[in-house]
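Be aware that the sequence shown starts at 1, since it is given in UniProt numbering, and climbs by one per residue. Comments concern the structure below.
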Amino acid sequence: MQDINDDPRRSREEVEALLKNVHAGMEILAEAREGTPTEMRYPLYTHQQVALTWMKRQEKGSNKGGILADDMGLGKTISVLSLIVSHKATQGPKTTLIIAPLSLIRQWEDEIKKKIKSTHTLLVTVYHNTQKAQALELMKNDVVLTTYGTLVSEKKKLASWVKNSAGRKINTKTDPGLASLVSLFHPDHSHFYRVVLDESQMIKNSKAQASLAVASLKSKYRWCLSGTPMMNGVDELYSSYKFLGIKPYNNWTEFRRAFGVLFGKKGDPQAQAMKNLQVLLKATMLRRTKGSEIDGKPILQLPEKSEEVIYAALDEDERKFYSDLESQSQVQINKYLRKGTLGKHYSHVLVLLLRLRQSCCHPHLLLDSDEAAPEVDSGMLERVQSLSAAVVLRLTEKSRAVENGDAMDEGFECPICYDIMPDPTIPLPCGHELCAGCLKQHVENANRDNIRNGEEDGPVKCAVCRGPLDPQNVITFSAFKRVHMPKVNSGSSEEESEGSVWTSDDEAGRDEDDGEADQSAEKQQDVEENGSLRNFIVPDDVYGNISDDDDDDDDRSSTSSEPKPPQQAKGETPSAEKKGGKKAPRIKEAKKRRKKIKGTMLQSLRKEAKKNAAAWKDYTKYLSHHWLSSAKARACMELLRKIQDTGEKTIVFSQWTMLLDLLEVALKKESLDIRHCRYTGEMSMSQRDDVAYKFTTDPNMKVMMVSLRAGNAGLNLVAASRVVIMDPFWNPYIEMQAVDRAHRIGQQKPVKVYRILTQETVEDRIVQLQEKKRATVDAALDEREGAKLAGLSLTELRFLFNL
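This is how it looks when you write it as structure tokens:
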């Protein structure tokens with residue numbers, strides 16, 4: 001406390017007012033807790049009673065709000081509804097404005113209808129799309145629901161109106177044009193009683209339009225709801241405090257001065273900064289997790305969840321392949337470092353890093369791009385030229401910020417999955433970046449919602465600004481650089497082609513249609529001649545012509561085509577293959593059956609496989625005929641074999657759908673009689689619903705293969721009690737959500753989570769980096785969940801490449 005008070009740079013009055021709010025949260029005694037409001041249909045849980053009591057105290061104190069940061073699944077929505085019905089306005093504005101992602105608006109509507117008694121019905125309206133009332137009408141509601149995108153759109157309209165009205169005498173109270181234009185930001189009529197930000201991590205970027213818009217709203221009370229109030233670091237809290245208006249930390253200079261050392265900026269010493277942060281959070285935030293206790297009892301009585309790391313040992317050939325790939329990546333990175341151009345080649349660095357991560361799982365992943373961005377052609381280049389000056393400026397500035405090396409954590413991050421993007425997909429005309437996979441899923445979800453609303457040809461809105469979006473009218477960042485940053489692009493292309501280490505020279509030399517593959521042929525030949533890939537590829541002539549007569553290949557033992565296994569590493573669970581088998585015959589058979597898989601053929605077959613069952617059969621037959629196992633595939637099969645004996649159901653997660661393809665083939669190659677299904681973003685929503693239902697209700701359906709992005713939220717899979725994470729994701733929060741598909745209310749059995757990792761690879765360093773960033777958040781929140789890995793700094797990139 002003394003450290004804060006002694007700082008002459010801060011307002012003593014503001015800090016003292018803040019410290020008065022440091023009172024009990026979870027320590028609120030039973031007799032002091034609010035009961036269930038009479039308006040609520042169902043009784044509150046104990047932790048929700050505590051939340052209601054704390055929130056009412058916050059509103060009656062000087063903070064006038066705060067951050068409810070309960071873990072997902074603890075009922076933050078119910079806590080807020082109980083606050084709305086129990087602490088109503090007695091005079092003046094009465095409306096509570098709730099801002100949420102579009103996907104949650106309907107959930108809020110349903111919860112209000114279901115959880116509040118019909119005798120105390122609230123007047124609720126959704127302010128979105130065509131359902132828009134003027135401000136005076138809007139203020140007659142008890143609750144208004146809207147989206148972040150709608151908010152941003154209105155703020156832009158107001159700014160435009162102000163600009164166009166400059167120099168004119170206008171009565172804003174009565175001007176009909178202004179009244180019809182904006183309702184959330186009307187300067188005279190838009191005064192809310194309470195504003196609630198659901199999923200408030202949506203404003204974590206203080207410079208984003210959504211962050212600026214919410215801070216401009218007028219209200220008496222303000223709340224942030226988020227299970228992850230800090231997803232990457234302490235600096236993400238600033239936007240929340242700016243919105244909450246909690247002084248002095250709603251000012252960036254004061255915030256950075258107090259806590260800057262915790263996120264790489266100059267400021268107070270670290271020990272002091274962390275202590276001050278904990279004080280601030282204690283005064284403004286209530287955070288409980290599923291493991292928290294009240295009155296000596298857990299908040300939720302869920303079955304135990306345990307986690308185990310399984311280290312998959314790379315065999316000789318896999319280790320050689322990975323080491324050479326890493327070495328060539330290091331050579332390329334060092335070249336950028338010597339020239340001082342690492343920032344300029346940031347996208348290529350991320351690609352190199354992606355390849356290292358993929359090689360830890362299976363070499364075939366390097367031959368295919370799971371969610372390939374649209375091809376850069378003349379049409380795309382023309383679309384790039386149509387971008388507005390404002391979009392060009394924003395993208396250029398962001399690129400240069402990354403290029404400078406000191407702002408890599410502000411680079412291109414997908415706003416939906418929070419993954420870092422080497423080459424973002426950019427829909428027009430607004431020009432906001434998304435990863436290709438999330439854009440595809442967002443469009444599909446929007447089309448589904450349009451059909452439900454009877455608007456089959458309804459528009460698709462941008463996930464960031466809610467502006468119009470044409471799925472066919474997109475560009476990539478690489479195309480943008482060609483047109484608007486030609487010097488940067490030309491400088492990177494030459495060096496990046498030299499750094500390509502995942503294309504076979506054999507394939508590049510034989511196929512004239514391979515295009516960019518030819519660029520790396522010479523370099524790849526040097527690698528091949530040194531034996532780095534010798535045992536990972538096989539001659540094309542062994543393949544010959546695939547026909548239906550090759551089905552008998554599927555019955556052969558998978559060990560015949562696998563490289564010889566390494567010695568068992570200390571502390572590792574031995575696999576069935578390591579326990580026995582004749583070494584010499586296996587090597588001889590492997591050499592005899594070497595079959596090189598062609599990247600272009602694989603990509604073509606895989607693309608067609610998504611269209612119909614017959615094409616899928618051809619694709620999986622190709623994978624089977626060219627079967628090559630991997631350390632992780634072997635570890636997963638051994639694990640599934642053990643789980644099979646227990647009769648439990650299992651969910652297998654991977655961020656790469658092609659790895660799921662390979663695991664499906666592996667099940668057949670290993671002769672594992674396990675009924676399985678898959679759940680990926682490539683499937684329609686009806687197909688996904690059917691699969692989830694079948695997995696839940698069919699006792700013989702034992703395994704579900706799930707893509708991490710498609711299954712990290714919204715799924716209820718309590719039928720499974722075993723979860724396998726095949727590869728570490730940059731964002732641990734996504735992994736946590738994935739595990740919660742099984743470990744949630746309704747689960748009756750203990751849940752076991754297995755994480756399959758490789759040692760002495762980039763995965764080690766990814767996990768270490770996750771833990772490092774998680775430590776800062778945990779220290780501040782005093783919780784073990786809620787951290788995520790996002791952008792990468794220069795130091796972190798060097799660490800990841802073991803430099």
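Using N, Cα and C, we set each Cβ at its ideal position, and we do this for glycine too.
Cβ pair residue i, residue j closer than 8 Å
i: tyrosine 193; j: tyrosine 221; result: yes
i: alanine 633; j: leucine 662; result: yes
i: methionine 40; j: lysine 114; result: no
i: valine 483; j: glutamine 385; result: yes
i: valine 675; j: lysine 702; result: According to the sequence provided, residue 675 is arginine. The question's valine does not apply to it. Their beta carbons are under 8 Å apart, which means arginine 675 touches lysine 702 by this criterion.
i: aspartate 71; j: lysine 297; result: no
i: valine 691; j: tyrosine 679; result: yes
i: alanine 710; j: threonine 696; result: no
i: proline 422; j: leucine 350; result: yes
i: tyrosine 45; j: glycine 75; result: yes
i: alanine 32; j: methionine 285; result: no
i: serine 79; j: glutamine 107; result: no
i: cysteine 361; j: methionine 726; result: yes
i: proline 427; j: valine 474; result: yes
i: serine 624; j: methionine 485; result: no
i: isoleucine 745; j: glycine 73; result: yes
i: proline 424; j: cysteine 435; result: yes
i: glutamine 358; j: glycine 681; result: no
Assigned exposure category for residue i - 16 Cβ within 10 Å defines buried
i: glycine 149; result: buried
i: residue 805; result: Residue 805 is absent from the structure shown; the chain starts at 1 and stops at 803.
i: serine 520; result: Annotation note: pLDDT 35 at serine 520 (below 50); position unreliable, coordinate value reported separately. Serine 520 comes out buried.
i: glycine 531; result: Model confidence at glycine 531 stands at a pLDDT of 33, short of 50, so the residue's coordinates are unreliable; what they give is reported in the following sentence. Glycine 531 comes out exposed.
i: histidine 120; result: exposed
i: arginine 338; result: exposed
i: lysine 607; result: exposed
i: leucine 29; result: exposed
i: glutamine 91; result: exposed
i: threonine 650; result: buried
i: alanine 389; result: exposed
i: serine 686; result: exposed
i: tyrosine 249; result: buried
i: glutamate 397; result: exposed
i: asparagine 700; result: exposed
i: arginine 168; result: exposed
i: serine 629; result: buried
i: aspartate 110; result: exposed
i: lysine 163; result: exposed
i: aspartate 470; result: exposed
i: lysine 151; result: The question names lysine, but residue 151 in the sequence shown is leucine. The residue is buried, with at least 16 neighbouring Cβ atoms inside 10 Å.
Whole-Å CB distance - residue i paired with residue j, under 8 Å assumed
i: isoleucine 310; j: isoleucine 756; result: 5 Å
i: valine 706; j: valine 652; result: 7 Å
i: glutamine 134; j: serine 180; result: 7 Å
i: glycine 66; j: leucine 244; result: 7 Å
i: glycine 233; j: phenylalanine 263; result: 5 Å
i: threonine 147; j: leucine 97; result: Contact doesn't hold; Cβ gap of about 11 Å is too wide.
i: residue 804; j: methionine 380; result: Nothing can be reported for residue 804, as the shown portion of the chain is limited to 1 through 803.
i: valine 196; j: isoleucine 99; result: 7 Å
i: proline 415; j: alanine 463; result: 6 Å
i: leucine 660; j: valine 724; result: In fact, because the Cβ distance is near 11 Å, the residues do not count as touching under 8 Å.
i: glutamine 201; j: proline 229; result: 7 Å
i: leucine 708; j: arginine 741; result: Rounded, the Cβ-Cβ distance is 11 Å, inconsistent with contact.
i: alanine 631; j: threonine 758; result: 6 Å
Span of the alpha helix (DSSP H), counted from its first residue to its last, around residue i
i: arginine 176; result: The sequence as given places proline at residue 176; arginine does not occur at that position. Run containing proline 176: 176 to 181, per the alpha helix (DSSP H) assignment.
i: glutamate 326; result: 316 to 339
i: valine 80; result: 76 to 86
i: residue 804; result: The first residue shown for the chain is 1 and the last is 803, placing residue 804 beyond what the model contains.
i: serine 359; result: 346 to 359
i: threonine 53; result: 46 to 60
i: valine 384; result: 378 to 385
Interface flag, residue i vs chain C, CB-CB below 8 Å
i: alanine 166; result: Among the chains in the structure shown there is no chain C, since it carries only a single protein chain.
Residue i, enclosing beta strand (DSSP E) - first and last residue
i: methionine 701; result: 701 to 707
i: threonine 96; result: 96 to 100
**Q.** Entirely enclosed beta strand (DSSP E) segments - the region 714 to 777, minimum 3 residues
**A.** As far as the region 714 to 777 is concerned, its whole beta strand (DSSP E) runs of at least 3 residues are 722 to 725 and 751 to 757.
Q) Which runs of the beta strand (DSSP E), 3 residues or longer, sit entirely within the region 111 to 141? A) For the region 111 to 141, whole beta strand (DSSP E) runs of length 3 or above, ordered along the chain, are 124 to 126.
Q: Note down, one range per segment and in chain order, each alpha helix (DSSP H) of at least 4 residues found wholly within the region 170 to 221.
A: The qualifying runs are 176 to 181 and 209 to 215.
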